[in-house]
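**Q**
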RNA sequence: AGGCGCGUAGCUCAGUUGGUUAGAGCGCAUCCCUCACACGGAUGAAGUCCGCGGUUCGAGUCCGCGCGCGCCUACCA
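In the working numbering, the protein residues as written are 24 to 903.
1. Give the DSSP bridge partners of residue 574, in chain order.
2. Among the candidates 559, 411, 639, whose CA atom is the shortest distance from the CA of residue 55?
3. Could you check if residue 840 is buried or exposed, using at least 16 other CB atoms within 10 Å of its CB as the buried criterion?
4. As a quick exercise: from 192, 303, 674, 435, pick the residue whose alpha carbon is nearest that of residue 27.
5. Are the Cβ atoms of residue 395 and residue 249 separated by less than 8 Å?
6. Counting only runs that start and end within the segment 652-738, where is the alpha helix (DSSP H) found for 4 or more residues in a row?
7. Which first and last residues belong to the beta strand (DSSP E) in which residue 296 is found?
8. For the beta strand (DSSP E) that contains residue 602, what are its first and last residues?
9. How would you call residue 150, buried or exposed, if buried means at least 16 neighbouring beta carbons within 10 angstroms?
10. In whole angstroms, give me the CA-to-CA distance for residue 486 and residue 531.
11. Please return the same chain residues whose Cβ sits closer than 7 Å to the Cβ of residue 347, not counting the five positions on each side in sequence.
12. Excluding the five sequence neighbours on either side, which residues of its own chain have a C-beta within less than 6 Å of the C-beta of residue 114, listed in chain order?
13. What's the call for residue 525, buried or exposed, on a 16-neighbour Cβ count within 10 Å?
14. Which residue or residues does DSSP assign as beta-bridge partners of residue 488?
15. Tell me whether residue 149 sits in a helix, a strand or coil according to DSSP, three-state version.
16. Using three-state DSSP, classify residue 538 as helix, strand or coil.
17. Quick one: grab the DSSP three-state call for residue 784.
18. CB-CB under 7 Å to residue 289, same chain, minus the five flanking residues each way: which ones, in chain order?
19. With distances taken from CA atoms, which of 890, 643, 330, 681 is nearest residue 83?
20. For residue 179, I'd like the list of residues in its chain whose CB is within less than 8 Å of its CB, leaving aside the five on either flank, ordered along the chain.
21. Ignoring anything shorter than 4 residues or poking outside the segment 83-168, list the alpha helix (DSSP H) runs there in chain order.
22. Report back the beta-carbon spacing between residue 185 and residue 103 to the nearest angstrom; my notes put them in contact at under 8 Å.
23. Cβ of residue 196 within 8 Å of Cβ of residue 190?
24. Please list, in chain order, all residues of the same chain as residue 237 whose beta carbon is under 7 Å from its beta carbon, the five residues on each side excluded.
25. Are residue 456 and residue 602 touching if we call contact CB-CB under 8 Å?
26. Rank 573, 585, 421 by C-alpha distance to the C-alpha of residue 565 and give the top, closest one.
27. Indicate the three-state DSSP secondary structure (helix, strand or coil) for residue 368 in the structure shown.
28. Am I right that residue 230 and residue 516 are in contact with their C-beta atoms under 8 Å? What's the rounded C-beta distance?
29. For residue 135 and residue 157, I'd like the C-alpha separation in whole angstroms.
30. Using beta-carbon positions only, say whether residue 802 and residue 769 come within less than 8 Å of one another.
31. For residue 582, report the span of its beta strand (DSSP E) as first-last.
32. For residue 218, which of 428, 411, 182 has the nearest alpha-carbon?
33. Smallest Cα separation from residue 934: which of 408, 57, 133, 210?
34. Provide the residue span of the alpha helix (DSSP H) that contains residue 819, from first to last.
35. For residue 311, count neighbouring Cβ atoms within 10 angstroms of its own Cβ and tell me buried if that reaches 16, exposed if not.
36. Pull the bridge partners of residue 848 from the DSSP assignment, please.
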């Protein structure tokens, strides 16, 4: 046994164990072992350019707790680390830090090296355009620093990740597998490209998918606009988007709406632009809302898009990709007008404006005399405020528009049932999180748009022929061969072509878009398993056991991953999804950087120890959002200290022992048997909780019993174990202490990996094999102590605790030290309790400093809720 | 507007299939340096289990209706 320090220096110990674990390769996946002995985790790759905050510490600790339990079960752990450096956050960060922009049409420049412009004045920075490959290289330079920060924190926190298994979502392997996935879906006819109105962010100038859209409340203004009816009369339309009046293709009311039934089939004439538009019946018109009749524009909202698709009416697109109104010519299809000159004069005043500016200007024009056909004012009454929900890109600042563009889609709408069935095959923890998945799948209304008009990302491995007329033939894409991946169609040429025919009539052109980042991160299981690259490895890792993640990305990360695994493999990607909650600040809002309420994790580790911080995370139940409460760190640190000191005490008792530590066959004293019996229950509870992924309950069971071990058992057994003589009584104590401590260390090891390993190394570690580290030692089972008898009566431990508390209470009330001797102790109680008490009476009397001669025990009633009535008379004075 | 979850001590949270007198920690109060630990320990005070109604011998727990909070979906005339 090595020298035991008096105090726990957590900083030094943590560092020492980190290095030792690395040296032992304790967390490495063993590729040679079979799948059934392996536990595979689909680790969430953090967005590396995001900030590190306590939320990360929280959820990554949860994964690690489960992993550590499985490792102690003897399983081979595959727990890799991924980095999400693909996509907009990285693109923006790299642009800002290096002062560059990606231009995928530029050739790769092997001599270019990134230079930081951070801290320079804005006017001194000249933006350099670089090729996509140079941009990707620059990204890896910048993200490397961010990854270092994560890795440093993760290591300090004691996450048992396999650092030899890392990937990044923009690296060659990830790009290769993303492109392979796309080509596989092309072969399976699950992907198509289409020129159609799509949700479009005017600032990022890219298409976005349904999952990336969020609704935000906005205040809109109803404009009541008078339309003339061709055969005479008029109608009034209420709209919040008067700037789209020129895009109006029809006016619709509900088929049952008697007010408008006489008008169906007639035509209306729009004010200002004099367009002749049909008046039609449509189910989506709500008679209660507005005036009950509305204008359909291309495109004001998703309903307009839906209705337009089945209407066969032309598109009159006014909103451009930059969000400004595009120039159009009135009098030419589709912008026909009964008065082209007036229409053009009106439109020229709003062309080039943003939608917001055009809205205001349109209202002014509509309020002018003569704006209504044949004289009068088209804008009726006052503008009326209305609360509306408007679709935004989740990262965007201005509302989405529907703009016709060519995009790639994965078919998901026609697979709702199958995807729902896949959700059924996965165990969700907690179970109610599955309803979020179900709701999302039920509510799908668009196929998955996977193309983005950005520069930094995984390109589509596709080219298009360019016809003799110079137009790209999008219906005849040329796909890359799978064995050439990853490719970039901006540099690489399709088979049979060379660079000279790029973008030439009769030649080819590369697809300019990149994939949605989810198209890559939906493949994290396949990236880790090296699907399509290393079949043997794939078989050993796929499907995985567990996907840990948080609940807000069920509709994206979980959903898309399930989609891909089903389409590629007809399998679920993993058998369990484990959902962590959020850390909320005291106002019950999610902690996030933008709200300025994040706490830097490294300081927490310094102050409260890594184990203490892990304790804090482990206290939160699965899937439950938890208020940030720093007082819990203190409790964690207290537990760490307690483990250290209690262990020191136990091992001091063992100091004189020759040879092996006493085995549990020496456990003969009733109190010691009672300790073993308590631990049987604790082992059972902790194990079944962990098997259900409920680490919080597992920890609570271990922690509660450990405190009882310290506060009660150690106090009771102390004086018996102090004895110098080698008696059976003492040997029983030492055996129980040894086994008890060893078991508690194991039960607490997943939560407090550092301090338990430190203590383990003093007494229990072997040179080789699983017992070298507590973290690979076997998780305790009740079978180990099958040979230890139970005490003859129940409640032995509880009876001892109750009597000792009565003795201590008397001393505390008298404001005496707990060592103060007891002159007389009278105990009365029912027979069954007295029998139990008698089994351990000597231990209690020793711990309470009671002379056995001063005790009387009688049959009699005890007060409600107690076993005994106890009278304690203290001695007059403390003996010298 | 639908759905999911939640509402228990000043605070953060446990509370199994309904079953004596509802628990823990923090905080608070009083006390104790004791040969593992004062980075410790002992003892104690503290609750209308959100409200109303119902089922039941019995409800924090089950059912109904409200109220409040969070989230997920839907909602751009």
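Note that beta-carbon positions come from the ideal geometry of N, C-alpha and C, so glycine has one too.
Every value quoted in this text rests on a predicted model; they were computed, and no experiment measured them.
**A** The answer reads as follows:
1. Translated into positions along the first chain, residue 574 becomes position 551. DSSP lists no partner for residue 574.
2. Residue numbering aside, residue 55 sits at position 32 when the first chain is read from its first letter. For the residues 559, 411, 639, the minimum Cα distance to residue 55 belongs to 559.
3. Counted from its first residue, the first chain places residue 840 at position 817. With a threshold of 16 other beta carbon atoms within 10 Å, residue 840 falls short and is exposed.
4. Position 4 of the first chain, counting from 1, holds the residue named residue 27. Among 192, 303, 674, 435, the Cα nearest to that of residue 27 belongs to 674.
5. Counting from 1 along the first chain, the entry for residue 395 is found at position 372. Counting from 1 along the first chain, the entry for residue 249 is found at position 226. Contact: yes.
6. The segment 652-738 contains these whole alpha helix (DSSP H) runs: 654-676, 693-714, 718-731.
7. Here residue 296 refers to the residue found at position 273 when the first chain is read from its first residue. DSSP places residue 296 in no beta strand (DSSP E); its state is neither H nor E.
8. Counted from its first residue, the first chain places residue 602 at position 579. Its beta strand (DSSP E) spans residues 597-603.
9. For the purposes of this step, residue 150 is taken as the residue at position 127 of the first chain. Answer is exposed; the Cβ neighbour count stays below 16.
10. As a first step, residue 486 is located in the first chain; it is residue number 463 there, counting from the start. As a first step, residue 531 is located in the first chain; it is residue number 508 there, counting from the start. About 6 Å.
11. By one-based count along the first chain, residue 347 stands at place 324. Taking C-beta separations shorter than 7 Å and ignoring five residues to either side along the sequence, the partners of residue 347 in its chain run 375, 376, 377, following chain order.
12. Sequence index remark: in the first chain, residue 114 carries index 91 (1-based). Cβ within range, chain order: 479.
13. Residue numbering aside, residue 525 sits at position 502 when the first chain is read from its first letter. Answer is buried; the Cβ neighbour count reaches 16.
14. Counting from 1 along the first chain, the entry for residue 488 is found at position 465. Partner(s): 531.
15. In the first chain, counting from the first residue as 1, residue 149 sits at position 126. Residue 149: coil per DSSP, three-state reduction.
16. As a first step, residue 538 must be located in the first chain, where it is residue number 515. If DSSP states are grouped into helix, strand and coil, residue 538 belongs with the strands.
17. Start at 1 with the first residue of the first chain, and residue 784 comes out as number 761. In the three-state scheme derived from DSSP, where H, G and I count as helix and E and B as strand, residue 784 is classed as helix.
18. Along the first chain, one-based indexing puts residue 289 at 266. So the list reads 252, 253, 254, 302, once near-sequence residues are dropped.
19. For the purposes of this step, residue 83 is taken as residue 60 along the first chain, with counting starting at 1. Cα-wise, what sits closest to residue 83 is 643.
20. In the first chain, residue 179 corresponds to position 156, counting from 1. The answer, listed in chain order, is 37, 41, 625, 628, 633.
21. Entirely contained in the segment 83-168, the alpha helix (DSSP H) runs reaching 4 residues are, in chain order, 111-121.
22. To locate residue 185, count along the first chain from 1; it is residue 162. To locate residue 103, count along the first chain from 1; it is residue 80. Yes, residue 185 and residue 103 are in contact; Cβ-Cβ is about 6 Å, under 8 Å.
23. Looking up residue 196 in the first chain gives position 173. Looking up residue 190 in the first chain gives position 167. Taking 8 Å as the cut-off, the Cβ atoms of residue 196 and residue 190 count as close.
24. Translated into positions along the first chain, residue 237 becomes position 214. The beta carbon of residue 237 sits closer than 7 Å to those of 415, 417, all from its chain and outside the five residues before and after it, given in chain order.
25. Start at 1 with the first residue of the first chain, and residue 456 comes out as number 433. Start at 1 with the first residue of the first chain, and residue 602 comes out as number 579. Less than 8 Å divides the Cβ of residue 456 from the Cβ of residue 602.
26. Looking up residue 565 in the first chain gives position 542. 585 is the residue among 573, 585, 421 whose C-alpha sits nearest the C-alpha of residue 565.
27. Indexing the first chain from 1 puts residue 368 at position 345. Correct three-state label for residue 368: helix.
28. Counted from its first residue, the first chain places residue 230 at position 207. Counted from its first residue, the first chain places residue 516 at position 493. So it is not a contact: roughly 27 Å between Cβ atoms.
29. One-based indexing of the first chain puts residue 135 at position 112. One-based indexing of the first chain puts residue 157 at position 134. Straight-line spacing of the CA atoms in residue 135 and residue 157 works out to 7 Å.
30. Residue 802 sits at position 779 when you count from the first residue of the first chain. Residue 769 sits at position 746 when you count from the first residue of the first chain. With contacts defined by Cβ atoms closer than 8 Å, residue 802 and residue 769 form a contacting pair.
31. For the purposes of this step, residue 582 is taken as the residue at position 559 of the first chain. In the DSSP assignment, residue 582 falls outside any beta strand (DSSP E) and lies within the alpha helix (DSSP H) extending over 582-592.
32. Indexing the first chain from 1 puts residue 218 at position 195. Checking every option, the nearest Cα to that of residue 218 belongs to 428.
33. With the chain covering only 24 through 903, there is no way to say anything about residue 934.
34. For the purposes of this step, residue 819 is taken as residue 796 along the first chain, with counting starting at 1. From DSSP, the alpha helix (DSSP H) with residue 819 extends over 819-836.
35. Taking the first residue of the first chain as position 1, residue 311 is located at position 288. Exposed is the label assigned to residue 311, since fewer than 16 other Cβ atoms lie within 10 Å of its Cβ.
36. Your numbering for residue 848 matches position 825 in the first chain. In the DSSP output, where bridge partners are listed per residue, residue 848 has 878, 895.
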